[in-house]
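Protein chains: 2
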Amino acid sequence: MEIVINIDDPTPVFTQLMEQIKTAVANNHLPEGTPLPSIRQLANDLEVNSKTVAKAYKLLERDNIIQSRGYRGSFVHPDAKSHCHIDLSQWTTEMLTDCIATLRAKGVTDSEIRVAFGSLMNSKF
Amino acid sequence: MEIVINIDDPTPVFTQLMEQIKTAVANNHLPEGTPLPSIRQLANDLEVNSKTVAKAYKLLERDNIIQSRGYRGSFVHPDAKSHCHIDLSQWTTEMLTDCIATLRAKGVTDSEIRVAFGSLMNSKF
DNA sequence: ATATGTACCATTACTACAGATGGTACATAT
DNA sequence: ATATGTACCATCTGTAGTAATGGTACATAT
Numbered sequence: 150m151e152i153v154i155n156i157d158d159p160t161p162v163f164t165q166l167m168e169q170i171k172t173a174v175a176n177n178h179l180p181e182g183t184p185l186p187s188i189r190q191l192a193n194d195l196e197v198n199s200k201t202v203a204k205a206y207k208l209l210e211r212d213n214i215i216q217s218r219g220y221r222g223s224f225v226h227p228d229a230k231s232h233c234h235i236d237l238s239q240w241t242t243e244m245l246t247d248c249i250a251t252l253r254a255k256g257v258t259d260s261e262i263r264v265a266f267g268s269l270m271n272s273k274f
Numbered sequence: 150m151e152i153v154i155n156i157d158d159p160t161p162v163f164t165q166l167m168e169q170i171k172t173a174v175a176n177n178h179l180p181e182g183t184p185l186p187s188i189r190q191l192a193n194d195l196e197v198n199s200k201t202v203a204k205a206y207k208l209l210e211r212d213n214i215i216q217s218r219g220y221r222g223s224f225v226h227p228d229a230k231s232h233c234h235i236d237l238s239q240w241t242t243e244m245l246t247d248c249i250a251t252l253r254a255k256g257v258t259d260s261e262i263r264v265a266f267g268s269l270m271n272s273k274f
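As they're listed, the protein sequences go chains R and X.
Going by the numbering used here, the final residue of the first sequence carries number 274, and the count climbs one at a time with no gaps.
Going by the numbering used here, the final residue of the second sequence carries number 274, and the count climbs one at a time with no gaps.
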């Protein structure tokens, strides 16, 4: 299992991490249950901040790609393969695309959409 | 017809303009067909930039509250009253609220929503 | 000439957020 | 002791958008 971080790549580090781990799971390079390097260990190896790795791990856990077991470490999720093709971000894009397209069709300005969106995201609900 | 701009109000000037004109139409202070002060004139009176007034007028025209007739000036839209209760911004808020709520319910991070939203708004489609 | 709406060009100040970094601390286990 | 994930605190840089300002110009009319 090799993870390579490309700093010249505009893609955020935590995203590169997620993608590579996800790909490794899909390609059977990381079978279900396989222990992953610890957050601190991986951060040290890749020379990135541990919070950055923690962020990637946290999102991967939310997507059911990996499992965190506290002091026991992190492992590939038992059903990782079936979940790693469920692209939540793609679904998010589709949802928003429809919504924005509808608004634009009604003549709502992009600026107005942005402002309304910003207000909604600020009011935590 | 009096329009007052409050600089201390965090509400943008062009928004204050829109609201007051809209309210005046709803309250019959500005009957359909009434000529509005010209963009430059109003900008001069209120001591704001003409582009700011133009922006308000443009949005009001999109909402069918007023009509611009080029060199002839701007007038209250013939069907202004029936349109001035159709709150496009409110409708926009409702659309986005639903969309965001759905995404959040699925566990999508606010940060992810923002990033996806930003990408979509940049790619002009 | 003068005035209308409109369409470009541009700049400035302000705000907000992402991404990443660093430090500290906790409970839990070996 | 050492290591695990995790949760706070914080700072910094870069980017991006809004709001508003200003200037110039155009076709169209009185």
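All C-beta atoms in this analysis are idealised placements derived from N, C-alpha and C, irrespective of residue type, glycine included.
What first and last residue would you give for the alpha helix (DSSP H) that runs through residue i?
| i | result |
| --- | --- |
| I249/X | 237–254 |
| V197/R | Here V197/R belongs to no alpha helix (DSSP H), and DSSP marks it neither H nor E. |
| S223/R | Note, S223/R: premise wrong, no alpha helix (DSSP H); beta strand (DSSP E) at 223–225. |
| T164/R | 162–175 |
| S231/R | 229–232 |
Say whether chain R places a C-beta atom closer than 9 Å to the C-beta of residue i.
| i | result |
| --- | --- |
| L269/X | yes |
| T251/X | yes |
| K111/X | In the structure displayed, chain X extends from 150 to 274; residue 111/X sits before or after that span and is not available. |
| C248/X | yes |
| L179/X | no |
| A205/X | no |
| A175/X | no |
Specify, as a first and last residue, the run of the beta strand (DSSP E) that residue i falls within.
| i | result |
| --- | --- |
| I262/R | No beta strand (DSSP E) holds I262/R; the alpha helix (DSSP H) holding it covers 259–271. |
To the nearest angstrom, report how far apart residue i and residue j are at their CA atoms.
| i | j | result |
| --- | --- | --- |
| L209/X | E168/X | 9 Å |
| G182/R | T201/R | 23 Å |
| T160/X | R221/X | 30 Å |
| K171/R | F266/X | 23 Å |
| D158/X | C233/X | 23 Å |
| V197/R | I156/R | 10 Å |
| A192/X | S238/X | 24 Å |
| S268/R | K255/R | 20 Å |
| W240/R | V153/R | 27 Å |
| R263/R | L179/R | 40 Å |
| S187/X | D228/X | 20 Å |
| D247/R | A173/X | 35 Å |
| M244/R | K204/R | 24 Å |
| V225/X | L166/R | 57 Å |
| L195/R | S199/X | 55 Å |
| D259/X | P184/R | 29 Å |
| S231/X | R253/X | 36 Å |
| S250/X | I249/R | Per the sequence presented here, residue 250/X reads as Ala, with Ser not at that position. Rounded to the nearest angstrom, the two C-alpha atoms are 15 Å apart. |
| R189/X | N176/X | 25 Å |
| Y206/R | T242/X | 33 Å |
Would you list the one or two residues that DSSP bridges to residue i?
| i | result |
| --- | --- |
| S217/X | S223/X |
| P110/X | This structure gives no information on residue 110/X, because the portion of chain X shown stretches from 150 to 274. |
Does residue i have its Cβ less than 9 Å from a Cβ in chain X?
| i | result |
| --- | --- |
| M244/R | yes |
| L191/R | no |
| L166/R | no |
| I262/R | yes |
| T172/R | no |
| R211/R | yes |
| D228/R | no |
| T201/R | no |
| L185/R | no |
| S238/R | yes |
| F224/R | no |
| D259/R | yes |
For residue i, verify whether its CB is less than 8 Å away from any heavy atom of the ligand MG.
| i | result |
| --- | --- |
| E181/X | The ligand MG is absent from the structure shown, which contains no ligands of any kind. |
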